[in-house]
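The sequence shown begins at 1308 in the working numbering and counts up by one.
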Amino acid sequence: MNLYYAIIGDALHTVRKTKNKYSWKSIVFPFFSAYLLFNIFALSGIIDFFTGYNILIKIEQCLPGVLSSKWGFIIFLYSSCMCIIYFSIFYKAKYLYIYRNYKHRKGKFFITYIVVTCLLGMTLLFIY
1308 MNLYYAIIGD ALHTVRKTKN KYSWKSIVFP FFSAYLLFNI FALSGIIDFF
1358 TGYNILIKIE QCLPGVLSSK WGFIIFLYSS CMCIIYFSIF YKAKYLYIYR
1408 NYKHRKGKFF ITYIVVTCLL GMTLLFIY
């Protein structure tokens, strides 16, 4: 969790310096939720590749009606990621603790996280 907080801290420092002081939450929240969703898909692909067990299909089978469609399932997972990001960063102003205790690395952690996540996702797309 410390590595994730270091990435978030680096992103907070970078975004707060480049964007409006008050709109940074609306930038960080959806993007980190999307990257977390991308990580869940990548982790599921890795598990499926090595074990042959696709956990996303099992979750999708348990969901009723509209949520069992592909877009409904993605919206369901994205909203779950939004809840995770909210409670790990924004609940009880946790971002202040992260901002104070994790130093600014000029965006290196944040950019590395984005690049690795995208490369991993693209690699899994080409494998499947």
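The C-beta atom is built at its ideal place from N, Cα and C for all residues, glycine as well.
CB-CB length for residue i against residue j, believed under 8 Å
| i | j | result |
| --- | --- | --- |
| Thr1430 | Asn1346 | So it is not a contact: roughly 13 Å between Cβ atoms. |
Buried/exposed call for residue i, threshold 16 Cβ in 10 Å
| i | result |
| --- | --- |
| Val1422 | exposed |
| Tyr1404 | exposed |
| Ile1434 | exposed |
| Leu1439 | The structure shown does not extend to residue 1439, since the chain spans only 1308 to 1435, so no value can be given for it. |
| Gly1316 | buried |
| Ser1456 | Look at the range of the chain in this structure, 1308 to 1435, and you will see that residue 1456 is not part of it. |
| Phe1394 | exposed |
| Tyr1398 | exposed |
| Phe1356 | exposed |
Close-in-space but distant-in-sequence residues of the same chain around residue i (CB under 7 Å, 5 per side omitted)
| i | result |
| --- | --- |
| Tyr1402 | Leu1319, Ile1396 |
| Leu1322 | One point to set straight first is that residue 1322 is Val, not Leu, in the sequence displayed. Contacts found: Trp1331, Ile1334, Val1335. |
C-alpha distance - residue i paired with residue j, whole-angstrom precision
| i | j | result |
| --- | --- | --- |
| Pro1337 | Tyr1360 | 29 Å |
| Asn1309 | Thr1358 | 29 Å |
| Leu1344 | Ser1387 | 9 Å |
| Ala1349 | Arg1407 | 31 Å |
| Ile1314 | Pro1371 | 36 Å |
| Tyr1312 | Ile1382 | 25 Å |
| Phe1417 | Tyr1342 | 11 Å |
| His1411 | Glu1367 | 39 Å |
| Tyr1385 | Thr1419 | 22 Å |
| Ala1400 | Ser1340 | 17 Å |
Chain D contact for residue i (CB, 7 Å cutoff)
| i | result |
| --- | --- |
| Leu1427 | Looking for chain D here will not work: only one protein chain is present. |
Close Cβ partners of residue i (< 8 Å) along its chain, the five nearest in sequence each way excluded
| i | result |
| --- | --- |
| Ile1354 | Tyr1360, Asn1361, Ile1362 |
Contacting residues, own chain, Cβ-Cβ under 6 Å from residue i (five flanking each side not counted)
| i | result |
| --- | --- |
| Lys1324 | none |
| Gly1301 | Not covered by the structure: residue 1301. The range shown for the chain is 1308 to 1435. |
| Gly1428 | Phe1345, Ala1349 |
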